[in-house]
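Following: one structure in structure tokens, then a few remarks.
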């Protein structure tokens with residue numbers, strides 16, 4: 151089995167993070183595997199983790215009444231997903247499903263929140279990185295809404 155510290159160090163999300171902070175993160179990390187079609191998280195359930203995708207693709211979905219699951223976006227190798235562990239009440243806002251075999255590093259959210267409370271520099275590093283992801287996701291959502299609800303040009 152590969153060393154978790156080495157795997158985390160090589161993940162793009164953690165690029166440039168100090169060796170000391172990486173060692174702290176390893177204490178909250180574990181390897182996880184999901185088969186194609188398997189649910190990873192469910193909307194409304196406790197958000198206790200976030201994930202570094204090492205292999206495979208993950209579909210982020212929401213349930214639309216009388217229509218079923220609606221694909222919002224897909225995440226793949228080298229990406230991170232799941233920021234609900236940071237925001238009370240710590241509940242998932244979407245579903246996530248493995249679209250193929252997925253290998254990830256799961257980070258225990260409570261463990262990491264506790265470590266960030268003790269080491270505010272670590273907390274700031276994590277917050278800066280997640281803030282970028284949240285901003286990117288909001289921009290992607292804005293573009294999707296413009297595509298769906300944009301006003302057609304008058305003819």
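In this note's numbering, the protein residues as written are 151 to 305. Here a beta-carbon is modelled for each residue, glycine too, at the ideal position from N, C-alpha and C. All values reported here derive from a predicted model rather than from experimental measurement.
Determine whether the beta carbon atoms of residue i and residue j lie at a separation below 8 Å.
i: residue 189; j: residue 247; result: yes
i: residue 234; j: residue 225; result: no
i: residue 275; j: residue 171; result: yes
i: residue 283; j: residue 230; result: yes
i: residue 209; j: residue 249; result: yes
Among the options, which has the Cα closest to the Cα of residue i?
i: residue 182; options: 223, 260, 255 and 211; result: 255
i: residue 291; options: 221, 250 and 191; result: 221
i: residue 193; options: 295, 187, 217 and 212; result: 212
i: residue 253; options: 155, 165, 207 and 232; result: 207
Does residue i pass the burial test, meaning 16 or more other C-beta atoms within 10 Å, or should it be called exposed?
i: residue 205; result: exposed
i: residue 158; result: buried
i: residue 197; result: buried
i: residue 245; result: buried
Segments assigned alpha helix (DSSP H), at least 4 residues, entirely inside the stretch 208-273: Runs found: 259-268.
At least three beta-carbon pairs within less than 8 Å, the stretch 259-266 to the stretch 169-181: A contact exists between the stretch 259-266 and the stretch 169-181.
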